[in-house]
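Protein chains in written order, with the working numbering: chain A, 1 to 400; chain B, 1001 to 1400.
Every residue gets a Cβ at the ideal spot worked out from N, C-alpha and C, and that includes glycine.
Below: one structure, written as structure tokens.
There are 2 protein chains.
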Amino acid sequence: MDLELIRSLVVPNTTKLVLLSLDGLGGLPHPDTGKSELETARIPNLHALAARSACGLLRHVAPGITPGSGPGHLGLFGYDPLRYQVGRGILEALGIDFELRAGDVAARGNFCSVDRSGRITDRRAGRISTDLCVTLCQRLRAIRVPGAKLFVEPVKEHRFVLVLRRTGLSGKLSETDPQALGVPPPPVRALAPAARRTATLVNRFVAAARAVLSREVPANMVLLRGFDQLRRLPSFPKIFALKAAAIAAYPMYRGLARLVGMEVLKTGATFADEVATLHQHREAYDFFFLHYKDTDKAGEDGDFAAKVAALERLDAFIPEILTLKPDVLVVTGDHATPAVLKAHGWQPVPVLLWSAFCGADAVTLFTERACAAGSLGVFPAQQLMPLILANGLRLSKFGA
Amino acid sequence: MDLELIRSLVVPNTTKLVLLSLDGLGGLPHPDTGKSELETARIPNLHALAARSACGLLRHVAPGITPGSGPGHLGLFGYDPLRYQVGRGILEALGIDFELRAGDVAARGNFCSVDRSGRITDRRAGRISTDLCVTLCQRLRAIRVPGAKLFVEPVKEHRFVLVLRRTGLSGKLSETDPQALGVPPPPVRALAPAARRTATLVNRFVAAARAVLSREVPANMVLLRGFDQLRRLPSFPKIFALKAAAIAAYPMYRGLARLVGMEVLKTGATFADEVATLHQHREAYDFFFLHYKDTDKAGEDGDFAAKVAALERLDAFIPEILTLKPDVLVVTGDHATPAVLKAHGWQPVPVLLWSAFCGADAVTLFTERACAAGSLGVFPAQQLMPLILANGLRLSKFGA
């Protein structure tokens, strides 16, 4: 089912659609109890909602494939994550709320240390402070390369983002980080003929950066990797004919929503702030993407109990979200982050879809095991948006 | 998900992966009991393993499509069976352990009887003995055609295999078996311009064979069908970065494993021999493909009780396989062979996947009906290998 086909079926309506994504939702059983995070948590509101919903499992890329945050979210937003890929440099820029434009080339940067003959002695320049990173980025902003706009943005400690903006750029570039000590950073090479001019521009920037930083200790050089160009993605609001808003406390998720053309609403640092923002803007939008981060953080830390607690905190907000009276409410995640893996996982992720027309199945628990037997089955994440639209009575019949 | 993408995500590890294929595993209920072979058999070890595993159903080609042994196995090995096809001539050559090379053209041959004017009177020459077949094949080996190597290999009774080896051959050839009596075998025709030279070579062989066999009774002529050329397949060990070994008592399955580049281990005629071979070579390989034939044979014979008994015999080996301490153990099949069909079937085939990270689902029985509710869902066979790799912690994240 491609996006153009969906677009051709979309009809206007005034229904309210809410997609709540619990980052890293899916888990795995704790070895001691045999129960997953969802099976361990006291989440009566989610279980009750599952009982009134159609349930299933979402697979974001393919069986066995662990999605990064980019593919995880693009799948939820209805895009085939294998077709629409977002590279590391782009994600890093999104992660600091940088307003990328289509055609921009972005790379992840490190400040590093080199000896007098230019050989790397520390790939992270002793993890300099974020304050120093900010200062050094300001100095690098003085660099000019002909015909392109440069942006140098601090991230954290030794990390920064480099963005190039002009027409005709390409992100098909090799990295200048040899991932080794005792050798000089190699120049950027064009990996395709169309990238030759971009390679020249980047190498000029690197040479200028070396000169600017020559007297700095320890951060006297830069390394660049993860070059990628921001492709123009089909517009989410246009394809689905939705006034769409994203509410996320973390910049990367705001950035991913902005990539597909959602409006990003100002909100605070907590999920309570996000829910308040949702209520404030109820009338102005048709579709809300609401992001909850704590589940993923706890999973990445390998902290099973913290992930259970994060689920329980989230569960307490469900009644407040329901007072919004959405026509469709979906609760799912962008990928699994099982605490036992301490990382993103490839496991399919529970999904519940509530609407007046969802056809509640026999599933009464919002857990991996229970949802496996739901009426939605195990299905690709990019098929969720059409299902949400259908339940919001926003899709017409296909064929006569 | 194509193979190149998987290859780009593979990371090295030392985990041990075991794929146990019960040939023709899937079944259908017996009309008297309403229970399938798996539901009838006493298979406590498989059920216990299913309870600790993620379960599902494998579909090898598409709904309603009955897989032959070629597509059944290529799917299990991670190849899209619609994209990578293996023809009958190739399969027949693999079935006698003939060491085919990429570019070889193979055909199935029959000795047949023709009358004085060359019209077929018996397409199988009265099913001559295998001994006579061997003798006649030796005589046919004296035939020379310019520029190509010929191999004539006996199979069983009236059946043999013809293999042509030279550069620039093509398998796009019509058959010489009219599947009718009273007509002479037609010459081979090229079905594509690139096959013209091959057609000429084959027709020379057929003319020479008729001369060599002219005084034989009843096998005085040959029929050729199922021409196919062996394509070079992407290498399983390279794509998945695995030292891969196949253990199979039957030659066709050894041949299919060799086709994709697995090492084929010497083993005996029984499954007990295969399991002993597995243990002997535990340290030398990362991945083992272990093949069990009895289930398929019983199904093809339409012998429900024999298939049940074959499942029970296999079940008794599970503890011995587990003492190998694999990191990932998968039990599934290459296709269904329901006894009530007496043939391969199109039904999806149960699969269980055990690993420390599999996320055991609610399925506690290794049966068609129970596995349908498993967390793996119903999924294409070629997606099993990525799942096995993921569970063996051999795949990195897709996308940042």
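Whole angstroms is fine: what's the gap from Gly-993/B's alpha carbon to Leu-1376/B's?
Any answer about residue 993/B is impossible in this case: the structure gives chain B only from 1001 up to 1400.
Under 8 angstroms by beta carbon: chain B residues contacting His-344/A:
Position 344 of the first sequence, counted from the start, is the residue given in the question as residue 344/A. In chain order: Lys-1397.
Just to confirm the assignment, what range does the beta strand (DSSP E) spanning Phe-111/A have?
For the purposes of this step, residue 111/A is identified with residue 111 of the first sequence, where counting begins at 1. Where Phe-111/A is concerned, the enclosing beta strand (DSSP E) starts and stops at 105-114.
Which residues bound the alpha helix (DSSP H) around His-1047/B?
If you number the second sequence from 1, residue 1047/B lands on position 47. 1044-1051 is the span of the alpha helix (DSSP H), which, as asked, contains His-1047/B.
Can you pull the chain B residues whose beta carbon is under 9 angstroms from the beta carbon of Pro-29/A, in chain order?
Here residue 29/A corresponds to residue number 29 of the first sequence, with the count starting at 1. Under the 9 angstroms cutoff, chain B gives Gly-1359 and Ala-1360.
Is Pro-350/A helix, strand or coil by DSSP?
Taking the first sequence and counting its residues from 1, the one referred to as residue 350/A is at position 350. Reduced to three states, the DSSP call for Pro-350/A is strand.
What's the gap between the Cα of Glu-175/A and the Cα of Phe-205/A?
Position 175 of the first sequence holds residue 175/A. Position 205 of the first sequence holds residue 205/A. Cα-Cα distance, rounded: 14 angstroms.
Is the region 363-371 of chain A touching the region 46-54 of chain A in the sense that three or more CB pairs, one from each, lie closer than 8 angstroms?
Contact check between the region 46-54 of chain A and the region 363-371 of chain A: three or more CB pairs, one atom from each, fall below 8 angstroms, which counts as touching.
Answer yes or no: does any C-beta atom of chain B fall closer than 9 angstroms to that of Glu-312/A?
As a position in the first sequence, residue 312/A is number 312, starting the count at 1. By this cut-off, Glu-312/A is not an interface position.
Hey, quick one: how far does the beta strand (DSSP E) through Gly-1377/B stretch, first residue to last?
For the purposes of this step, residue 1377/B is taken as the residue at position 377 of the second sequence. Start and end: 1377-1380.
Are the beta-carbon atoms belonging to Ala-1381/B and Leu-1076/B less than 9 angstroms from one another?
Here residue 1381/B is taken as the residue at index 381 of the second sequence, counted from 1. Here residue 1076/B is taken as the residue at index 76 of the second sequence, counted from 1. Yes; because the gap between Cβ atoms is below 9 angstroms, this pair is in contact.
Proximity to Val-1011/B [Cα-Cα], best of Ala-1400/B, Arg-1394/B and Phe-1151/B
Translated into the one-based positions of the second sequence, residue 1011/B becomes position 11. Nearest of Ala-1400/B, Arg-1394/B and Phe-1151/B to Val-1011/B, Cα basis: Arg-1394/B.
How many angstroms separate the CA atom of Pro-184/A from the CA atom of Arg-119/A?
Reading the first sequence from its first residue, position 184 is the one you call residue 184/A. Reading the first sequence from its first residue, position 119 is the one you call residue 119/A. The straight-line gap from Cα to Cα measures roughly 4 angstroms.
Here's the rule I'm using: 16 or more other beta-carbon atoms within 10 Å means buried, otherwise exposed. How should Glu-1099/B be labelled?
Numbered from 1 along the second sequence, position 99 holds the residue referred to as residue 1099/B. Looking at its Cβ environment, which holds fewer than 16 other Cβ atoms inside 10 Å, Glu-1099/B is exposed.
So, for Pro-67/A: in the same chain, excluding its five sequence neighbours on each side, which residues have a beta-carbon less than 6 angstroms away from its beta-carbon?
Mapped onto the first sequence, residue 67/A falls at position 67. Counting only Cβ-Cβ distances below 6 angstroms, and skipping sequence neighbours, we find His-60, Val-61 and His-335.
For Gly-1026/B, name the three-state secondary structure that DSSP assigns.
Position 26 of the second sequence, counted from the first residue, corresponds to residue 1026/B. It is a strand residue.
Quick one: is Glu-1037/B buried, meaning 16 or more other Cβ sit within 10 Å of its Cβ, or exposed?
Along the second sequence, read from residue 1 onward, the residue named residue 1037/B stands at position 37. So Glu-1037/B ends up on the buried side.
The beta strand (DSSP E) enclosing Leu-223/A, as first and last residue numbers
If you number the first sequence from 1, residue 223/A lands on position 223. Segment 221-229, the beta strand (DSSP E) holding Leu-223/A.
Can the beta-carbon of Leu-224/A be found less than 9 angstroms from the beta-carbon of Leu-290/A?
On the first sequence, position 224 is the one that residue 224/A refers to. On the first sequence, position 290 is the one that residue 290/A refers to. Not in contact: Leu-224/A and Leu-290/A (Cβ atoms no closer than 9 angstroms).
Close Cβ partners of Arg-1210/B (< 7 angstroms) along its chain, the five nearest in sequence each way excluded:
Numbered from its first residue, the second sequence carries residue 1210/B at position 210. Here the set comprises Met-1221.
Under 8 angstroms, with one C-beta from each stretch per pair, do the region 1302-1321 of chain B and the region 1354-1361 of chain B reach the 3-pair mark?
no
Would you report the Cα separation of Gly-1109/B and Pro-1193/B, rounded to the nearest angstrom?
Counting from one through the second sequence, the residue named residue 1109/B turns up at place 109. Counting from one through the second sequence, the residue named residue 1193/B turns up at place 193. Distance between the alpha carbons of Gly-1109/B and Pro-1193/B: 24 angstroms.
Out of Glu-1157/B, Leu-1136/B and Pro-1251/B, state which residue places its alpha-carbon closest to the alpha-carbon of Val-948/B.
The question about residue 948/B has no answer here: the residues shown for chain B are numbered 1001 through 1400.
With DSSP collapsed to three states, give me the class of Arg-1165/B.
Sequence index remark: in the second sequence, residue 1165/B carries index 165 (1-based). Three-state result, Arg-1165/B: strand.
Can you tell me which of Arg-1197/B, Ala-1190/B and Glu-1263/B puts its alpha carbon nearest to the alpha carbon of Ala-1148/B?
Indexing the second sequence from 1 puts residue 1148/B at position 148. Per the Cα distances, Arg-1197/B.
Could you tell me which residues DSSP puts in a beta bridge with Gly-1056/B?
Indexing the second sequence from 1 puts residue 1056/B at position 56. DSSP output for Gly-1056/B lists Val-1351/B and Gly-1377/B as bridge partner(s).
Taking Cβ-Cβ distances below 8 angstroms as the criterion, which residues of the region 106-122 of chain A are in contact with chain B?
none
Could one say the Cβ of Phe-1379/B lies closer than 9 angstroms to chain A's Cβ atoms, at least one of them?
Within the second sequence, the letter at position 379 stands for residue 1379/B. It does; some Cβ of chain A falls within 9 angstroms.
Which chain A residues are close to Leu-1389/B, counting only those with a beta carbon under 7 angstroms from its beta carbon?
Here the question's residue 1389/B lines up with position 389 in the second sequence. Residues of chain A passing the Cβ test: Gly-64.
Roughly how many whole angstroms lie between the Cα atoms of Ile-143/A and Val-202/A?
One-based indexing of the first sequence puts residue 143/A at position 143. One-based indexing of the first sequence puts residue 202/A at position 202. Straight-line Cα distance between these residues: approximately 11 angstroms.
Beta carbon of Asp-294/A nearer than 9 angstroms to that of Asp-23/A
In the first sequence, counting from the first residue as 1, residue 294/A sits at position 294. In the first sequence, counting from the first residue as 1, residue 23/A sits at position 23. Their beta carbons are under 9 angstroms apart, which means Asp-294/A touches Asp-23/A by this criterion.
Closer than 8 angstroms between beta carbons: that is the criterion. Which residues of the region 321-335 of chain A meet it against chain B?
none
Would a check of beta-carbon distances place Leu-1376/B closer than 9 angstroms to chain A?
Within the second sequence, the letter at position 376 stands for residue 1376/B. Yes, its Cβ sits closer than 9 angstroms to a Cβ of chain A.
List, in order along the chain, the chain B residues whose C-beta lies closer than 8 angstroms to that of Ser-69/A?
Looking up residue 69/A in the first sequence gives position 69. Going along chain B in sequence order, the residues near Ser-69/A (Cβ under 8 angstroms) are Gly-1399 and Ala-1400.
Neighbouring residues, chain A, relative to Gln-1383/B (Cβ below 8 angstroms):
Along the second sequence, read from residue 1 onward, the residue named residue 1383/B stands at position 383. Ala-62, Pro-63 and Gly-64, listed in chain order.
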